[in-house]
Amino acid sequence: MEVRLKQLAELVEGEIRGDAQRMITGVAGIREAGPKEITFLANPKYASDLANSQAGAVIVARAAQEDLVQSLEATGIAIVLVEDPYFAFSQIVKFFHAQPYRPLGISPLASIGKGVQLGKDLSIHPFVRVEDHVRIGDRVTLYPGTFVGEGSEIGEDCLIYPNVTIREKTQIGKRVILHSGTVIGSDGFGFATRGGKHHKILQVGTVVIEDDVELGANVTVDRAALGKTVIRRGTKVDNLVQIAHNVVVGEDCLIVAQAGISGSTELGHHVILAGQVGVVGHLKIGDGVRAGAQSGVAQDIDSGQTVSGSPTMPHRKWLRVQAALPELPEMIKRIRELEKKIEALEKILNEREKGL
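In the working numbering, the protein residues as written are -8 to 347.
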């Protein structure tokens, strides 16, 4: 595919500085892009790489410094000014690479149970197993090795990659993407301890995944002990995340790799948990909360807070704590020296008092 830069700029509502008629054939990173490819600059720390870039065009924020824009113009790179370069780039990637959906039908090597309701234009690959009384919406793709448990529902336009397990009675909304190795509806970690032994509590609840959710590879979402574990509309979850039984994750949250959320915790809308964040159970995390990488969340957090550390504290306070940590050995040494001086002074004062 080859299009004029003007067409791409119109797609992202951008303003062109340079040759609007330049032909563009694809997208690439700053260092890899060639004369007929477009790249983007979302992080200013990579601006220096553009001086040596062979890219034909670059997407830059309208808020960028004018001297940066002028320096880019001097290199001959055409510039597309937009409000959000990263989002604009994502739209152009989709323009070049999005493939129209072409249903493949149901493979004779797939295994379909009794009473299954199948939508139109499906792509069910070899070695998929769909248990009894499952409902699958239109234009769903199930790649090889996928298992769909009895009584589950999958909405329209879902994309389920190889070797995903969807246990019984799971409800999945529309346009959901599940990446390889993900398990939905595994048993929650529930045991009653008596006499030094751990007795399993049957997990008889379900999981609900709402519309437009995407779960990365090897994510586990446990079924509720009773009731529902819920991931609400638009939330995106990275690889290797554990979501325990009866957790409720709000709308449009971002949960980054290796985070873990313990049972019965509720996240509000637009929450961000960075990598390796751990959240203990039975908490309420408010709307818009952001937790920095490796945070240990052990108490409720009000809406709009940004926290870091383990246990968590306000992010700015945590930065001060981190800045002070390297000084601790020297501070301890000085305190001990001061203690010795104080002890010596007290001894002198005591001797003087005795002399009086």
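All C-beta atoms in this analysis are idealised placements derived from N, C-alpha and C, irrespective of residue type, glycine included.
Over the uninterrupted alpha helix (DSSP H) stretch that includes residue i, give me the two end residues.
i, result
"residue 306", "306 to 315"
"residue 86", "76 to 88"
"residue 21", "Element bounds for residue 21: n/a, residue is neither H nor E."
"residue 58", "57 to 66"
"residue 328", "319 to 346"
Please go through the same chain and pick out, in chain order, the residues whose beta-carbon is closer than 7 Å to the beta-carbon of residue i, but skip the five residues on each side of it.
i, result
"residue 178", "194, 213, 214"
"residue 39", "none"
"residue 150", "132, 168"
"residue 33", "76, 77"
"residue 20", "30"
"residue 59", "38"
Going by alpha carbons, who is nearest to residue i out of the options?
i, options, result
"residue 31", "12, 3, 57", "3"
"residue 248", "130, 218, 286", "286"
"residue 260", "267, 271, 246", "246"
"residue 107", "127, 83, 115", "127"
"residue 269", "277, 279, 290", "290"
"residue 28", "22, 37, 34, 15", "15"
"residue 47", "23, 189, 34, 56", "23"
"residue 100", "254, 118, 321", "118"
"residue 224", "216, 201, 205", "201"
"residue 157", "166, 125, 165", "125"
"residue 61", "79, 41, 80", "41"
"residue 89", "18, 54, 73, 155", "18"
"residue 275", "199, 135, 282, 293", "293"
"residue 284", "273, 54, 298", "298"
"residue 271", "130, 244, 303", "303"
Let me know the secondary structure DSSP gives residue i once reduced to three states.
i, result
"residue 293", "coil"
"residue 13", "coil"
"residue 248", "coil"
"residue 354", "Only positions -8 to 347 of the chain appear in this structure, which leaves residue 354 out of reach."
"residue 224", "coil"
"residue 102", "strand"
"residue 109", "strand"
"residue 39", "helix"
"residue -3", "helix"
"residue 389", "Here the chain covers residues -8 to 347 and nothing more, so residue 389 does not appear."
"residue 206", "strand"
"residue 264", "strand"
"residue 258", "strand"
Where do the ends of the beta strand (DSSP E) carrying residue i lie?
i, result
"residue 28", "28 to 32"
"residue 52", "48 to 52"
"residue 70", "69 to 73"
"residue 177", "174 to 177"
"residue 184", "182 to 185"
"residue 271", "Careful: residue 271 lies outside any beta strand (DSSP E) and carries neither H nor E."
"residue 198", "197 to 200"
"residue 303", "Careful: residue 303 lies outside any beta strand (DSSP E) and carries neither H nor E."
"residue 213", "211 to 213"
Residues in the same chain with beta-carbon distance under 8 Å from residue i, minus the five sequence neighbours each way, listed in chain order, please.
i, result
"residue 159", "122, 140, 141, 142, 143, 176"
Should residue i be counted as a contact of the ligand SAH given a C-beta to heavy atom distance under 7 Å?
i, result
"residue 27", "Ligands are entirely absent from the displayed structure, and the ligand SAH is therefore not among its contents."
Which residues in the same chain have their Cβ closer than 6 Å to the Cβ of residue i, if we skip the five residues on either side of it in sequence?
i, result
"residue 238", "220, 252, 256"
"residue 208", "170, 171, 172, 230"
"residue 0", "7, 71"
"residue 348", "As shown, the chain starts at -8 and ends at 347. That puts residue 348 outside it, with no answer to give."
Extract the residue ranges of the beta strand (DSSP E) inside the stretch 116 to 152, only unbroken runs of 3 or more that lie entirely within it.
none
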